[in-house]
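Structure record follows, encoded as structure tokens.
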Amino acid sequence: MTLGRRALLASLAALPARADSPLRVLARQAAIHLTPPCEMYRRRHRDVVERGERLNRLVRQLSPEARLLSAWAWLDLSGEPLFLLLPRMEGRFYSAVLLDPFARAFEQVSNRTAGDAPPPCMIVGPTWKGDVPREVAPIQAPAPSMWLRLRIAVTDDDEDIDVARGLQARTLLETPDQRNERRILEMRELMRFRTIAPPEPVADWPEPRPAERFALFDEGVAMLAGYALPESDRQMVDTLASLRLRPGRRFDARAFDEADRATIVAGIADAESAIRDNGPRAPVNDPLHRAWTARTALSAPTDAEKP
1068 MTLGRRALLA SLAALPARAD SPLRVLARQA AIHLTPPCEM YRRRHRDVVE RGERLNRLVR
1128 QLSPEARLLS AWAWLDLSGE PLFLLLPRME GRFYSAVLLD PFARAFEQVS NRTAGDAPPP
1188 CMIVGPTWKG DVPREVAPIQ APAPSMWLRL RIAVTDDDED IDVARGLQAR TLLETPDQRN
1248 ERRILEMREL MRFRTIAPPE PVADWPEPRP AERFALFDEG VAMLAGYALP ESDRQMVDTL
1308 ASLRLRPGRR FDARAFDEAD RATIVAGIAD AESAIRDNGP RAPVNDPLHR AWTARTALSA
1368 PTDAEKP
């Protein structure tokens, strides 16, 4: 009796994938590297879509945690620049950090880098071209989607917390038009930007589907759309090209037969176990530790955000 093709594929898929299979090892590596952008994708969707936070608008937390008063914003830099204005901090620790799609601190403005009087900053996307006003410090982000996080140190004293809240309230994240309007009122100065505001950016990302077996791949590469990869990340992404993983595109599972898809799923499971069991003890810059941090403590302050 001849075994049919479907039955043969089913029997192959049912066989356990060898732990040293090159495809399984590659899938494990891909899952570890893509866990941070996947977690960033899910956090962005939760904040903006589920909680209704507006893109390019600061959300201020009025109650401190671990003696830090926090604010944050998801940035859409696919179009116009954004201006970040921090007040004088009078000796108080503060930190404004831009996290890239891998949840790494790409740029930091703090009392360590700018002293008590931080300059106004102009944050632009990776493809933006234009003139930068002389009085601002330019920051060219590597991706059109970035996470801005602001921390201001406080003591346990209620009066000190109120002072920090005032500093937080005076921290501004503005579009060119908002900055133009404010400066017209404050300084009677007209900037060289248009006076017709563009439409607000729209959160048009697909909903995360963590229950799907290749969701980690789909959401991880989706977060990398438009990312100007540094050389180290570019080498990693090139290595994963044989898995049909390309920034900004869905994982092409149809390019693999069912047996290979089962092997890839086994590799993803291997990565989950490694992140859970070995991530906490891995070196800080090891991909395993970064994946574990993104999975368990994405909102926790990085070293750049701690006094």
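Start counting the sequence shown at 1068; every next residue gets the next number (my numbering). Think of the CB as a built atom: it goes at the ideal place given N, C-alpha and C, for glycine as much as any other residue. Predicted, not measured: the structure shown is a model, and the values here were computed from it.
When you compare each of Thr1242, Leu1136, Pro1209 to Pro1187 by their alpha carbons, which one comes out closest?
Thr1242
Taking one C-beta from the region 1170-1185 and one from the region 1352-1366 each time, how about it: are there three or more such pairs within less than 8 Å?
yes
What's the gap between the Cα of Met1303 and the Cα of Gly1182?
36 Å
For Arg1232, name the three-state secondary structure that DSSP assigns.
helix
Output the boundary residues of the alpha helix (DSSP H) element that contains Tyr1108.
1089-1112
Rounded to the nearest angstrom, how far is the Cβ of Leu1217 from that of Ser1137, given a contact under 8 Å?
7 Å
Within 10 Å of its beta-carbon, does Gly1119 have 16 or more other beta-carbons around it, so buried, or fewer, so exposed?
exposed
Spatial distance of Leu1142 from Ala1163 (CA atoms):
13 Å
Quick check: Asp1285 and Phe1318, are their CB atoms within less than 8 Å of each other?
yes
Going along the chain, which residues of its own chain have a beta-carbon closer than 7 Å to the beta-carbon of Pro1148, five neighbours each way excluded?
Met1189, Ile1190, Val1191, Trp1195, Pro1243
Among the residues of its own chain, which have a CB less than 7 Å from the CB of Ala1140, if the five just before and after it don't count?
Asn1123, Arg1124, Leu1125, Val1126, Leu1215, Leu1240
Buried versus exposed call for Gly1334 [16 or more other C-beta atoms within 10 Å across all chains shown]:
buried
Burial state of Val1351 (16 or more Cβ within 10 Å)
exposed
Near Pro1185, which residues of its chain fall below 6 Å by C-beta distance, leaving aside the five closest residues on each side in sequence?
Leu1153, Val1176
Just to confirm before moving on: does the CB-CB distance between Ala1338 and Arg1095 stay below 8 Å?
yes
If you count every other CB in all the chains shown that lies within 10 Å of the CB of Asn1345, and 16 or more means buried, which is it?
exposed
Among Thr1238, His1112, Ala1231, Ser1340, the one whose alpha carbon lies nearest that of Met1213:
His1112
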